[in-house]
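Structure first, commentary second.
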Amino acid sequence: MIREEDGIQVEIPVGNSRLAGNLFLPEGADRCVIFAHGSGSSRFSPRNRRIAKLLFQSGIGSFLTDLLTASEDAVPELRFDIPLLTDRLVGITRSVNAIHAMDSVRLSYFGASTGAAAALLAAGRLPELVRAVVCRGGRTDLAGELVSRVRAATLLIVGEMDQPLIPINNQTYRLLRCKKEIVFIPGATHLFEEPGKLDEVGRLTAQWVLTNGG
């Protein structure tokens with residue numbers, strides 16, 4: 000079994016640059032989740048790493064990468080350039096799918112904050128590759144009505160105390176035309192920093208991917 004702390008180092012070509020990624024794939028895994036994090040976060044985020052570890056323990060792989068290069072991330076406007084982030088995620092997904100170790104591994108997305116919008120839009124463009132989507136505290140409004148194109152089973156997770164995102168995610172839920180579910184985590188705020196709340200997100204994500212990501 001691949002050690003969780005190491006993973007497989009992967010480089011994804013992006014124009015004249017490359018995006019570094021970490022693939023964590025348990026032995027025998029047939030499902031892998033590609034992470035799309037929000038602005039101000041990164042593939043080294045403790046929250047993302049915690050979710051990836053919980054998925055690993057459930058026999059699910061994870062691919063953590065950044066959607067922007069270091070120089071691009073220094074430009075605030077690019078962090079909210081949803082079409083650019085979506086294009087990057089589509090390219091990353093195709094590259095990950097082409098990795099030899101990923102033969103017979105089915106892909107899903109885990110999107111947080113602005114990354115959730117990119118995940119939904121990319122899933123709508125790649126129905127043949129993306130089986131399931133999980134959004135944590137997602138700015139799903141940034142995807143607009145195009146979420147109606149998503150065919151992958153979609154789970155929206157929102158903190159019960161994250162008041163600004165509750166109506167946003169409720170509206171997205173109404174627009175979705177795929178298998179869908181929305182869950183409000185009691186006592187949780189936007190970052191799910193309260194004791195046990197992030198683990199609850201991990202448990203729900205693993206359950207959703209195991210059920211719908213095959």
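Going left to right, the sequence shown walks through residues 0 to 213 as numbering that gives the first Met the number 0 numbers them.
The beta-carbon is built from N, C-alpha and C at its ideal position, and this holds for glycine as well.
Computed from a prediction, not measured in an experiment: that's the story for all the values here.
Spanning the alpha carbons of Leu-63 and Leu-175 requires a straight line of approximately 26 Å.
The C-alpha of Ile-165 is placed about 30 Å away from the C-alpha of Gly-90. Going by DSSP, Glu-180 is part of no alpha helix (DSSP H) but of the beta strand (DSSP E) stretching over 179 to 184. By the criterion of at least three beta-carbon pairs nearer than 8 Å, the segment 169 to 189 is not in contact with the segment 22 to 42. Contact between the segment 120 to 135 and the segment 92 to 108 is present: three or more C-beta pairs spanning the two stretches fall below 8 Å. As a beta-bridge residue in DSSP terms, Phe-34 pairs with Phe-109. Met-160 and Val-149 have their C-alpha atoms some 27 Å from each other. Val-133 is bridged by DSSP to Phe-109 and Leu-154. In the DSSP assignment, Pro-12 is bridged to Arg-17. Here Thr-139 is near Asn-168, since their CB atoms are less than 7 Å apart. A straight-line Cα-Cα distance of about 15 Å links His-189 and Gly-201. Per DSSP, the beta-bridge partners of Ser-61 are Phe-23 and Val-32.
Closest option to Gly-20, judged by alpha-carbon separation, among Ser-94, Glu-76 and Gly-27: Ser-94. Distance from the CA atom of Val-9 to the CA atom of Arg-173, rounded to whole angstroms, is 37 Å.
Beta-bridge partners assigned by DSSP to Ile-7: Leu-22.
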